[in-house]
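Accompanying notes for the structure given below.
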Amino acid sequence: MAYIPPHKRHSNSKKGPLPTPQLLASQFKTKLNVNSSKLNVDKSGKIVYANHATSRWFAVGLDDNNRLPSSVHLDPIPVEFIERKIGEKPLILVNDDLPEEIGENYLRSPWESIAENVLQDLLCSIKNVRNEMESLELEEVKPTLVARFGKILIYGGPSGAQEKVRRSVPTGTMLGQLKRSFYTNIPTSYMERILGEESRKIGVEYEEEKDLYHVKLSDARRSDVTISCKCRVIKEQKKLQVYKIELNQVRHMVTDISCLPKNLDLRLMLCTKRILTSLEDDEMQCIGDLINSAVVDSNVKGGLRWPFGKASSGDRFSVVGVWHTIAKAYKSPSLRLKVRHADRFDFRTSTGESAIEISLKLKGIVSKLQVQNVDYGLILEMLEDNLRSIWNHFLNCEWFLT
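This note's numbering numbers the first residue of the sequence shown as 414 and each following residue consecutively.
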């Protein structure tokens, strides 16, 4: 059977009771501080949070009492890739009464509200990044502030619920069990609009296109590390050639914003990539053996496969995932827009997904944040300006999670 992208799939799963929006309202301003003596890794081993990382979730478009409007409810939606991993349909907040576009004459614009909500976390997080950059000697650290567009998925209700419920009273026990993730797979029509009229409006111009394979490796000596080998294909030989090796991305700030007057949500994330600048000869040999063993095969998820027994090198490195990405980049002096088609396969869970994703790097802000004497007023002004563009050009999308 041909592999069908999740946003085109349909599900006939039976439905059952779910937690309600009221259950979530008190969580919108909850802040999670992740503090420990080492990097914090989720159970999949793929997502790493730095010491003192912040993770927040809040909503824009609450009513006068700072509550979810009565037109907002939770709907279960079919995302097969997620369902196979967690065993139930995720939920999204849906607004049945989307307002007219919010203009700039409003007393308090949504982009001003978002900027003020995230500024303190951003300043604290970039300070921690500077400390990290000074302390790491063997790795080059590259900070990035990125905006991602999609839908906040909510899951983890104790009953494994599947039915739409609008407004019933929740129990306190459910609150601690709810989890969230950010789903970034968007439809082709949205991508085409962003690459067309919207990219011209924000002033970005075409920069380059890259066709890459990302081979993800676990390291038996470091359980908190996933190594990513970025590779190009030598077409004549149909072999991979490594051109960059990075450690897994480390998150310093993650802010998820439910944009209730819009039909897409926003994630703002400050993260660092750690480029490996020094590897021992035997480490390079092991990694090289794994890459050279890969077979380029467009018929498998991720685009690569390994002969039996060749997906590990000794007792040190093992292949845990592979991505095939075709990405186009557009840039301006302060922004970098990336649109990519990603075909992924996770060896740990034997699951794969094909997705179209759009992200916007706010490189002008990061550049200003790295100077010694930061002008906080300028940072706030730049953040509001970037968020105004995002609100007006990136958060409108036809309904696609059905």
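Where is the CB? At the ideal position from N, CA and C, for every residue including glycine. None of the values given here were measured: they were computed from a predicted structure.
Spatial distance of residue i from residue j (CA atoms)
i      : j      : result
ALA633 : VAL667 : 28 Å
LYS428 : ILE567 : Unreliable positioning characterises LYS428 in this predicted model, as indicated by a pLDDT of 41, which lies under 50. The coordinate reading is nonetheless provided below. In a straight line, the C-alpha of LYS428 is about 16 Å away from that of ILE567.
GLY555 : LEU532 : Residue identity check: residue 555 is Lys in the sequence provided, not Gly. Distance between the alpha carbons of LYS555 and LEU532: 20 Å.
SER745 : LYS781 : 16 Å
ARG761 : LYS657 : 23 Å
THR488 : SER731 : Looking at the sequence shown, residue 488 is not Thr but Asp. Looking at the two C-alpha atoms, the distance is approximately 39 Å.
LEU475 : TRP804 : 16 Å
LYS592 : VAL752 : 27 Å
ALA724 : ASP637 : 20 Å
VAL709 : TYR789 : 49 Å
LEU808 : PHE562 : 7 Å
SER449 : SER538 : With a pLDDT of 35 at SER449, under the threshold of 50, the predicted position of this residue should be treated as unreliable, though the coordinate-derived value follows. Roughly 15 Å between the two C-alpha positions.
ALA472 : TRP719 : 45 Å
HIS754 : ARG543 : 32 Å
ALA768 : ILE495 : 13 Å
LEU773 : ILE527 : 16 Å
SER548 : SER483 : 50 Å
Proximity winner among the options, relative to residue i (alpha-carbon distances)
i      : options                           : result
LYS675 : LEU506, TRP736 and LYS623         : LEU506
HIS665 : PHE471, LEU535 and VAL492         : LEU535
ASN464 : PRO491, ASN541 and ASP477         : ASN541
VAL461 : CYS699, GLN783, ASP694 and ASN661 : ASN661
VAL492 : GLY500, GLU770 and LEU679         : GLY500
GLY616 : GLU794, ASN809 and SER802         : SER802
GLY701 : ASN712, MET682, GLY727 and VAL655 : VAL655
GLU766 : ARG469, SER772, ILE539 and ASP756 : ASP756
LYS741 : ASP728, GLU605 and ILE792         : GLU605
LYS564 : LEU679, GLY609, ARG497 and ILE495 : LEU679
ASP759 : LYS776, LYS498, TRP470 and VAL559 : LYS498
ASN479 : GLU693, LEU703, LEU673 and SER468 : LEU673
Coarse secondary structure for residue i, derived from DSSP in three states
i      : result
SER548 : helix
GLY563 : strand
ARG521 : coil
THR762 : coil
ALA466 : strand
VAL531 : helix
ILE647 : strand
Buried versus exposed, by CB contacts within 10 Å (16 or more), residue i
i      : result
ASN799 : buried
PHE721 : exposed
MET697 : exposed
ASN393 : Only positions 414 to 815 of the chain appear in the structure, and residue 393 is not among them; the question remains open.
ILE607 : buried
MET794 : Note that residue 794 is Glu in the sequence shown here, rather than Met. With fewer than 16 other Cβ atoms within 10 Å, it is exposed.
GLY609 : exposed
VAL784 : exposed
Contact with chain B by residue i, beta-carbon distance below 8 Å
i      : result
ALA463 : No chain B is present in this structure, which holds just one protein chain.
Can we say the stretch 621–639 touches the stretch 734–741, given the rule of at least three CB pairs closer than 8 Å? yes
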